[in-house]
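Trainee:
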Amino acid sequence: MTVFLSLEDLLLLVDDLAVGPVRDIGLLEAAARRPATQLWGRPAYPTLLDQAAVLIESLVRNHALVDGNKRLGWLAMVVFLDLNGMDLHAPPDPAYDLVIALAAGEAQATDVAEALACWLPGMDDQGSSRPR
């Protein structure tokens with residue numbers, strides 16, 4: 300079962316990063332809830348990679364914080380993946396470039412999911428764990 304971050308989890312990360320303050324708590328909560336969205340009883344974002352990608356996309360683009368949205372987005376995504384048993388191995392420069400492109404509207408959640416597939420050992424092309 301997938302472990303999703305809550306609003307409270309995100310607020311703890313905001314404190315840990317010493318960013319903010321929170322500008323709009325509703326936008327922060329919406330970002331926390333988006334990965335778990337269901338449509339007609341099915342996950343709107345069916346893979347762990349899709350869920351991680353929409354989490355960072357929402358946090359970076361919603362601007363729920365006065366300052367630190369990109370940092371919070373990246374950390375929340377890494378924590379989400381870790382809580383779900385995935386160890387991210389992202390090269391620093393491409394990871395930075397991806398977050399900046401996401402913030403500028405030059406990258407989408409699908410681009411993030413594709414990058415994560417390359418940076419997470421043991422993932423297949425559809426974002427599912429491969430059997431060991």
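Note that the numbering used here has the sequence shown beginning at 300, numbered continuously upward. Backbone N, C-alpha and C define an ideal beta-carbon position, used for all residues, glycine too. Predicted model, so just to flag it, every value in this text is computed and none were measured.
1. Helix or strand or just coil, what does DSSP make of V302?
2. Just how far apart, CA to CA, sit Y344 and L312?
3. Let me make sure I understand the geometry here. Which of L419, V302, A317 has the alpha-carbon closest to that of G367?
4. Is the CB-CB distance between L309 and A329 below 8 Å?
5. Would you mind stating whether I355 and W373 have Cβ atoms separated by less than 8 Å?
6. How is Q337 classed by DSSP in three states: helix, strand or coil?
7. Note the first and the last residue of the continuous alpha helix (DSSP H) segment covering M376.
8. What does a CB cutoff of less than 6 Å around A402 pick up in its chain, not counting 5 residues either side in sequence?
9. Which value, in whole angstroms, describes the spacing of the CA atoms of Q337 and T301?
10. Taking 7 Å as the limit between beta carbons, can you name the residues of its chain near M376, skipping five residues before and five after?
11. Spatial neighbours of P320 within its chain, please: CB distance less than 6 Å, with the 5 preceding and 5 following residues excluded, ordered by chain position.
12. Residues bridged to V321 by DSSP?
13. Is it buried or exposed, R333, if we count other Cβ atoms within 10 angstroms and call 16 or more buried?
Mentor: Let me lay it out:
1. coil
2. 23 Å
3. A317
4. no
5. yes
6. strand
7. 368–382
8. V359, K369
9. 13 Å
10. A351, L354, I355
11. V365
12. L364
13. buried
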